[in-house]
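Following the working numbering, the numbering of the sequence shown begins with 72 at its first residue and continues without gaps. What follows is a short report on a single structure.
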Amino acid sequence: MFALFKRLDLDTEDIFTDIEIPEETQHDLIKAFENARFEKGTIDVRDYDYRIIISLNTGYPMYLISDKQSLTIIKHDGQFEHYSIVNDNDFFSILQKATE
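Shown next, in the form of structure tokens:
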């Protein structure tokens, strides 16, 4: 299993900043994400603050808006799917602690 985390800041020249997250914390994040519940939604793309890729065999880039607990998945065909995370199983609190 693979996870890559980047902070996203549209106000800087290099908008992506790598985030080093310990492997154990990555496993906690992945487990919380796997157990989360999602509902289709709409998102203002200017609000993204994280980019993550979680991969078993194939990785899909996902853009997160942590304060709104929502995400966008970019599928291989280039289509976007927007979701609200209804029950995040502490995903965002784990992510916040890991990136402080």
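Even for Gly, the Cβ is constructed at its ideal location relative to N, Cα and C. Keep in mind the model is a prediction, meaning the values are calculated, not measured.
Contact under 8 angstroms by Cβ, residue i with residue j
i: Ser-137; j: Ile-114; result: no
i: Ala-107; j: Ile-165; result: no
i: Leu-135; j: Asp-159; result: no
For residue i, the nearest candidate out of the options (CA to CA)
i: Ala-74; options: Asp-85, Thr-143, Ile-123, Asn-106; result: Ile-123
i: Ile-92; options: Ile-86, Ile-101, Asp-85, Ile-145; result: Ile-101
i: Ile-144; options: Phe-163, Glu-171, Gly-112, Thr-170; result: Gly-112
i: Asp-80; options: Arg-117, Glu-94, Glu-105, Asp-99; result: Arg-117
i: Asp-99; options: Thr-83, Glu-84, Ile-125; result: Ile-125
8 angstroms contact criterion, which residue i and residue j should meet: CB distance rounded
i: Ile-156; j: Phe-87; result: Wrong, their Cβ atoms sit about 22 angstroms apart, outside the cutoff.
With 16 other Cβ atoms within 10 Å as the buried cut-off, status of residue i
i: Gln-97; result: buried
i: Phe-76; result: buried
i: Asp-89; result: exposed
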